[in-house]
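J.:
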Amino acid sequence: MELRSLEEQLALFSVAGPSASQNNVDSTFSDNLSLPIHRWFRYSAGFSATWAKQLIEREKLTGRHHVLDPFAGSGTVLLEGEGSDVPAIGIEAHPFVQRIAQAKLYWRQDARLFRKYALSILKQAEALGGDPTSYPRLIQACFPPESLSRLDTLWEAWQATADASPLSELTWLALCSILRDCSPVGTAQWQYVLPNKTKARALDPYEAFCTKVYLMADDIARRQRSHPGPQARLYRADARDCALVPDGWADLVVTSPPYANNYDYADATRLEMTFFGEVRGWGDLQAAVRAHLVRSCTQHVAPLAHETGRFLSNPLLEPIRTELTDICEQLEAEREKHGGKKPYHTMVAAYFSDMAHVWVALRRATRKGALVCFVVGDSAPYGIHVPVDRWLGELARAAGFASYSFEKTRDRNIKWQNRKHRVPLHEGRLWVEG
Ligand SMILES: C[S@@+](CC[C@H](N)C(=O)[O-])C[C@H]1O[C@@H](n2cnc3c(N)ncnc32)[C@H](O)[C@@H]1O
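Residue numbers for the sequence shown follow my numbering, so the first one is 121 and each next one is one higher.
#1: Can you tell which of 497, 206 and 518 has the C-alpha that lies nearest to the C-alpha of residue 350?
#2: Tell whether a beta-carbon distance below 8 Å holds between residue 371 and residue 516.
#3: Does the region 377–391 come close enough to the region 404–420 to have 3 or more Cβ pairs within less than 8 Å?
#4: What separation, rounded to the nearest whole angstrom, lies between the Cα atoms of residue 359 and residue 548?
#5: Using the DSSP secondary-structure output, state which residues sit across from residue 305 in a beta bridge.
#6: Excluding sequence positions up to five away, which residues of its chain have a Cβ less than 7 Å from the Cβ of residue 347?
#7: Just the C-alpha distance for residue 455 and residue 186, rounded to the nearest angstrom, thanks.
#8: To the nearest angstrom, how far is it from the Cα of residue 451 to the Cα of residue 442?
#9: Using a threshold of 7 Å, is the CB atom of residue 163 nearer than that to any non-hydrogen atom of ligand 1?
#10: Rounded to a whole number of angstroms, what is the C-alpha to C-alpha distance between residue 139 and residue 176?
#11: Three or more C-beta pairs closer than 8 Å, one from the region 372–384 and one from the region 490–500: is that the case here?
#12: Give the range of the alpha helix (DSSP H) segment to which residue 443 is assigned.
#13: Where do the N-terminal and C-terminal ends of the beta strand (DSSP E) with residue 226 fall, by residue?
#14: Is the region 332–342 touching the region 232–239 in the sense that three or more CB pairs, one from each, lie closer than 8 Å?
#15: Quick check: what's the CA-CA separation for residue 145 versus residue 265?
#16: Rank 220, 192 and 399 by C-alpha distance to the C-alpha of residue 259 and give the top, closest one.
#17: With a CB to CB cut of under 6 Å and the five nearest residues on each side skipped, what residues in its chain are close to residue 323?
#18: Using 10 angstroms around the beta-carbon of residue 154, count the other beta-carbons present and answer buried if the total reaches 16, otherwise exposed.
#19: When you compare only the Cα positions, how much space is there between residue 299 and residue 329?
#20: In terms of alpha-carbon separation, which member of 270, 364, 339 and 356 lies closest to residue 484?
#21: On the CB-based measure, 16 or more other CB atoms within 10 Å of its CB, does residue 273 come out buried or exposed?
#22: If the criterion is Cβ atoms closer than 8 Å, does the pair residue 412 and residue 192 meet it?
#23: Under the assumption that residue 226 contacts residue 290 (Cβ atoms under 8 Å), give the Cβ distance between them as a whole number of angstroms.
#24: Which residue wins for smallest C-alpha separation from residue 257, given the options 353, 315, 203 and 239?
#25: Find the nearest neighbour of residue 498 within the set 513, 477 and 304, judged by alpha-carbon distance.
#26: Taking the Cβ atom as the reference point for each residue, do residue 551 and residue 519 lie within a distance shorter than 8 Å?
#27: Checking the sheet assignment: what are the DSSP bridge partners for residue 370?
#28: Between which residues of its own chain and residue 241 is the CB-CB distance below 6 Å, once the five residues before and five after are set aside?
#29: As a quick exercise: from 195, 199 and 239, pick the residue whose alpha carbon is nearest that of residue 219.
#30: DSSP three-state call for residue 403: helix, strand or coil?
#31: Could you tell me the boundaries of the alpha helix (DSSP H) in which residue 276 lies?
#32: Is it the case that the Cβ atoms of residue 416 and residue 464 are separated by a distance below 8 Å?
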């Protein structure tokens, strides 16, 4: 999925699902932007906090009290688990995204201390010179020298006192979250940075930082006025083994995995990671980010095209192997007709191989009778339909879950609509039980 598609994935879905008779909630990720703490960073891959909360609350009534999100992203489920007073564990493999989510979970810090700490960074920044010339070309193309100078001073001042403490990390998040707002070019919420496009309005870095710090401090104070709930745990780890989750710990899994649709989570944070010097350019994203993730984009698997057969031979793929192999062969043949020669066949094989491991890990980490909800959509690379939800359901059953059903929440055809086909796609909730 690219551009809007992940956002739309978040198109909120009524809670519904097995045994549900809940009112539909019709909202999208943009709702999170008005919610305290969720709004600190706009993660376009995130889903609706309101929906997650409703699901958690509903399942609490049925005795499901331990929530797991193996693809925790920006921490939506974890924050709502805390708010609903249930223990929650999250796993996120993208190092930069995990850091953002972890910083959001530091909302238990003293609001006044945080404000004081962050504003002292601003004060120090204002006394510095700032050097816009040392940044990679992407960053220089995204910010006018004056803005980049100010961002640089904030970054320098932050580094001077950085100590990985919660206050330091919250302040890092404040800086991280204003970058796109301070750029006058096409750095909207989607993954691709478009230096040739312009925005109607770009914020001044010092003003934006100050405003963000006040907003965060207000949110912290507001959240602390309600019952805090148990502290959620977030691990920078891999959903394919859920290694840090105790056996049988979870009875509710609420998550949205990557889709098999070529969305590149590494590219989604390239602007921020480049600004902070974590990558110098696109070429660094493979080792810094993609290497840790489920393989769901062709950039990730490009060096592995010759290993497609190995992925397909994963014994866990047995229930879907015949169909999957057929689709992969079609994709490999189709590839020859396209200039880009994208290795979708490898991507799809690797994706299901990875997700088969996720199901095995989830079976181990959940107790019997657990409920799992995956917000997910299908895809059609090169116009060849991949029945993602059905295959994921089959893999879940093979891993030991009792049943699955799919609840469509909307039709879509985003990624492929400008291409030569019109394969109807959908998105919704895969419910797995047992
Ligand atoms: C659709 S997003 C989830 C967004 C989340 N629901 C939220 O509200 O922020 C999927 C996430 O899975 C993460 N991911 C991909 N591969 C992973 C893996 N092997 N283990 C854990 N997380 C992974 C991606 O980095 C991405 O943040």
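Note that the Cβ used here is the ideal one computed from N, Cα and C, for glycine as well.
T.: According to the data block:
#1: Residue mapping note: residue 350 aligns to position 230 of the sequence shown, counting from 1. The shortest Cα separation from residue 350 among 497, 206 and 518 belongs to 206.
#2: For the purposes of this step, residue 371 is identified with residue 251 of the sequence shown, where counting begins at 1. For the purposes of this step, residue 516 is identified with residue 396 of the sequence shown, where counting begins at 1. No, the pair does not count as a contact, with Cβ atoms beyond the cut-off.
#3: yes
#4: For the purposes of this step, residue 359 is taken as residue 239 along the sequence shown, with counting starting at 1. For the purposes of this step, residue 548 is taken as residue 428 along the sequence shown, with counting starting at 1. One C-alpha to the other measures close to 21 Å.
#5: If you number the sequence shown from 1, residue 305 lands on position 185. Note: residue 305 sits in a beta bridge opposite 318.
#6: In the sequence shown, counting from the first residue as 1, residue 347 sits at position 227. Correct list, in chain order: 205.
#7: Walking along the sequence shown from the start, residue 455 turns up at place 335. Walking along the sequence shown from the start, residue 186 turns up at place 66. Roughly 44 Å separates the two Cα atoms.
#8: Here residue 451 refers to the residue found at position 331 of the sequence shown. Here residue 442 refers to the residue found at position 322 of the sequence shown. Going from the Cα of residue 451 to the Cα of residue 442 covers about 14 Å.
#9: As a first step, residue 163 must be located in the sequence shown, where it is residue number 43. Result yes, Cβ under 7 Å from ligand 1.
#10: Taking the sequence shown and counting its residues from 1, the one referred to as residue 139 is at position 19. Taking the sequence shown and counting its residues from 1, the one referred to as residue 176 is at position 56. Because the pLDDT at residue 139 is just 45, under 50, the model does not fix this residue reliably, and the point stays unresolved.
#11: yes
#12: Position 323 of the sequence shown, counted from the first residue, corresponds to residue 443. Per DSSP, residue 443 belongs to the alpha helix (DSSP H) from 441–455.
#13: Here residue 226 refers to the residue found at position 106 of the sequence shown. Neither: residue 226 is in no beta strand (DSSP E) and is coded neither H nor E.
#14: yes
#15: Counting from 1 along the sequence shown, the entry for residue 145 is found at position 25. Counting from 1 along the sequence shown, the entry for residue 265 is found at position 145. Residue placement at residue 145 cannot be trusted, given a pLDDT of 39 that sits under 50; what the coordinates show is reported in the next sentence. Going from the Cα of residue 145 to the Cα of residue 265 covers about 44 Å.
#16: As a first step, residue 259 must be located in the sequence shown, where it is residue number 139. For residue 259, the nearest C-alpha among the options comes from 399.
#17: Locating residue 323 in the sequence shown gives position 203, where the first residue counts as 1. Once the five neighbours on either side are set aside, the close Cβ partners of residue 323 are 301 and 302.
#18: Here residue 154 refers to the residue found at position 34 when the sequence shown is read from its first residue. Residue 154 is exposed by the Cβ-count criterion.
#19: Residue mapping note: residue 299 aligns to position 179 of the sequence shown, counting from 1. Residue mapping note: residue 329 aligns to position 209 of the sequence shown, counting from 1. Whole-angstrom Cα-Cα distance: 9 Å.
#20: As a first step, residue 484 must be located in the sequence shown, where it is residue number 364. Taking only the C-alpha atoms, the option nearest residue 484 is 364.
#21: Here residue 273 refers to the residue found at position 153 of the sequence shown. Buried, because 16 or more other Cβ atoms sit within 10 Å of the Cβ of residue 273.
#22: Counting from one through the sequence shown, the residue named residue 412 turns up at place 292. Counting from one through the sequence shown, the residue named residue 192 turns up at place 72. Result no, Cβ atoms of residue 412 and residue 192 do not sit closer than 8 Å.
#23: In the sequence shown, the residue the question calls residue 226 occupies position 106. In the sequence shown, the residue the question calls residue 290 occupies position 170. With a Cβ gap of about 5 Å, residue 226 and residue 290 count as contacting.
#24: Sequence index remark: in the sequence shown, residue 257 carries index 137 (1-based). Out of 353, 315, 203 and 239, 315 has the C-alpha closest to the C-alpha of residue 257.
#25: Numbered from its first residue, the sequence shown carries residue 498 at position 378. Per the Cα distances, 513.
#26: As a first step, residue 551 must be located in the sequence shown, where it is residue number 431. As a first step, residue 519 must be located in the sequence shown, where it is residue number 399. No, they are not a contact pair.
#27: What you label residue 370 is simply residue 250 of the sequence shown in a count that begins at 1. Note: residue 370 sits in a beta bridge opposite 486.
#28: As a position in the sequence shown, residue 241 is number 121, starting the count at 1. For residue 241, where only same-chain residues beyond five positions count, the Cβ hits under 6 Å are 277, 278 and 291.
#29: Along the sequence shown, one-based indexing puts residue 219 at 99. If we check each option's Cα against that of residue 219, 195 comes out closest.
#30: Your numbering for residue 403 matches position 283 in the sequence shown. Here residue 403 sits in helix by DSSP.
#31: Reading the sequence shown from its first residue, position 156 is the one you call residue 276. Segment 265–281, the alpha helix (DSSP H) holding residue 276.
#32: Numbered from 1 along the sequence shown, position 296 holds the residue referred to as residue 416. Numbered from 1 along the sequence shown, position 344 holds the residue referred to as residue 464. For residue 416 and residue 464, no; Cβs fall outside 8 Å.
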